[in-house]
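Asks:
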Amino acid sequence: MCGRFWIDSDTAKEIEKTIRMVDEKLKMERHSKDIHPTEKAPVISYQQGSMLLADKKWGFPGFDSGKVIFNARAESVLEKKMFRESVLKRRLVIPAAGFYEWNRKKEKVAFTSAVVEQPILYMAGFYNKYGNEDRFVILTTGANGSMADVHERMPLLLKNQELEEWLREDKRLEEFLHSESHGLRRKMEYEQQTLSFL
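At position 139 of the sequence shown (counting the first as 1) the number is 139 in this note's numbering, and the numbers step up by one without a gap.
1. Just how far apart, CA to CA, sit ARG4 and ASN160?
2. Determine, using beta carbons only, whether PRO57 and LYS40 come nearer to each other than 8 angstroms.
3. I need the straight-line Cα distance from SER181 to GLU117, nearest angstrom please.
4. Under 6 angstroms Cβ to Cβ from ASP170, same chain only, skipping five residues before and after it: list those, please.
5. Taking the alpha-carbon positions, what's the PHE99 to ALA110 distance?
6. Apart from the five residues just before and just after SER179, which ones in its own chain have a Cβ nearer than 6 angstroms to its Cβ?
7. Identify the residues that DSSP records as bridge partners of THR11: which are they?
8. Applying the 10 Å Cβ sphere with the 16-neighbour rule, what's the burial state of ASN201?
9. When you compare only the Cα positions, how much space is there between GLY183 and GLY145?
10. Which residues mark the beginning and the end of the beta strand (DSSP E) in which MET51 is found?
11. Across the segment 72-81 and the segment 44-53, are there enough close Cβ pairs to call them in contact, namely three or more that are closer than 8 angstroms?
12. Quick one, which of ASP34, LYS80, GLY131, LEU167 has its alpha-carbon nearest SER45's?
13. Straight-line CA distance for MET147 to PRO119?
14. Which residues in the same chain as PHE83 place their Cβ atom closer than 6 angstroms to its Cβ, once the five residues preceding and following it in sequence are excluded?
15. For the beta strand (DSSP E) holding PHE99, just list the boundary residues, first then last.
16. Reducing DSSP to helix, strand and coil, say where GLU133 ends up.
This is the structure we're talking about:
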C-alpha cells in the first residue's frame, strides 16, 4: 500500500536530468512536501514522442461519496473494469524522494531508495480523466524483504532505464505487473527502546 509520499529539491533535480519537457511552473516548485491522496503531484507521462512532467490529482473517485481509490493491485489490475483500460492506455510514473508506511504498532516508517545510482523512487501508475481533470492511481505489489515486516504491500517500483518502456511498451506490461520491486532503505522518526530490569 502507499498512502503518502514526499518530494523534495533533489527529486526535482533528478527528474530534470531524465525528462526533457518540464513545465516551468514545476521547475519552480523546489520545496519539500508530503503528498496525500486527493492532492496534486508531478507525474511523468508519454505524449507526442517525449516523456512529459505535469501535475495530476492523486486518486480516482471512490464508490462512496467523498472516498478515493489511490492504489490498485498490480496482480489483478487487468481484471478490474475500473482500471483495465487506463493501465493499458494511460500509464504514468510517479517520482518520489520516498514514501511512508505504518507498522502494526502504528509507527510511521519512511522508505527511500537503496539503489545508489537511483536516489529517487519511480512508482508505476496510471491515470484517467474525470470531468476536466486527470487523476492517477499508484500500483502496488507484494512487499519484498526490505519491507515485509512493516507492511504486506508496497509500490511497484521501476528502474531509471525502464521508465520509457513502462510508459510506451505494451509487450512487457504483464512482465512489469508481476515483477519484484528493488530494495529500500527505511528509517523511523524514532525507535522505541525498552528497558529491562534485573
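Virtual Cβ for every residue (Gly too), placed ideally from N, Cα, C.
Replies: This is what the structure holds:
1. Taking the first residue of the sequence shown as position 1, residue 4 is located at position 4. Taking the first residue of the sequence shown as position 1, residue 160 is located at position 160. The alpha-carbon of ARG4 is positioned some 22 angstroms away from that of ASN160.
2. The sequence position of residue 57 within the sequence shown is 57, counting from 1. The sequence position of residue 40 within the sequence shown is 40, counting from 1. Note that residue 57 is Lys in the sequence shown, not Pro. Yes.
3. Within the sequence shown, the letter at position 181 stands for residue 181. Within the sequence shown, the letter at position 117 stands for residue 117. Rounded to whole angstroms, SER181 to GLU117 spans 15 angstroms at the Cα level.
4. Looking up residue 170 in the sequence shown gives position 170. Within the same chain, no Cβ atom closer than 6 angstroms to the Cβ of ASP170 is found once the five residues on either side in sequence are excluded.
5. Taking the sequence shown and counting its residues from 1, the one referred to as residue 99 is at position 99. Taking the sequence shown and counting its residues from 1, the one referred to as residue 110 is at position 110. C-alpha separation (whole angstroms): 6 angstroms.
6. If you number the sequence shown from 1, residue 179 lands on position 179. For SER179, where only same-chain residues beyond five positions count, there are no Cβ hits under 6 angstroms.
7. Residue numbering aside, residue 11 sits at position 11 when the sequence shown is read from its first letter. Paired residue(s): none; THR11 is not in a bridge.
8. Since the first and last residues shown for the chain are 1 and 198, residue 201 lies out of range.
9. Locating residue 183 in the sequence shown gives position 183, where the first residue counts as 1. Locating residue 145 in the sequence shown gives position 145, where the first residue counts as 1. Inter-residue distance for GLY183 and GLY145 is about 8 angstroms (C-alpha atoms, whole angstroms).
10. Taking the sequence shown and counting its residues from 1, one reaches residue 51 at position 51. Per DSSP, the continuous beta strand (DSSP E) segment holding MET51 begins and ends at 50-58.
11. Fewer than three pairs of CB atoms, one per stretch, sit closer than 8 angstroms, so the segment 72-81 makes no contact with the segment 44-53.
12. Counted from its first residue, the sequence shown places residue 45 at position 45. Ranking ASP34, LYS80, GLY131, LEU167 by Cα distance to SER45 puts LEU167 first.
13. Within the sequence shown, the letter at position 147 stands for residue 147. Within the sequence shown, the letter at position 119 stands for residue 119. Cα to Cα, the separation comes out at about 18 angstroms.
14. Start at 1 with the first residue of the sequence shown, and residue 83 comes out as number 83. Correct list, in chain order: ALA72, VAL77.
15. By one-based count along the sequence shown, residue 99 stands at place 99. 98-102 is the extent of the beta strand (DSSP E) around PHE99.
16. As a working mapping, residue 133 is identified with position 133 in the sequence shown. The answer is strand: DSSP assigns GLU133 an E or B state.
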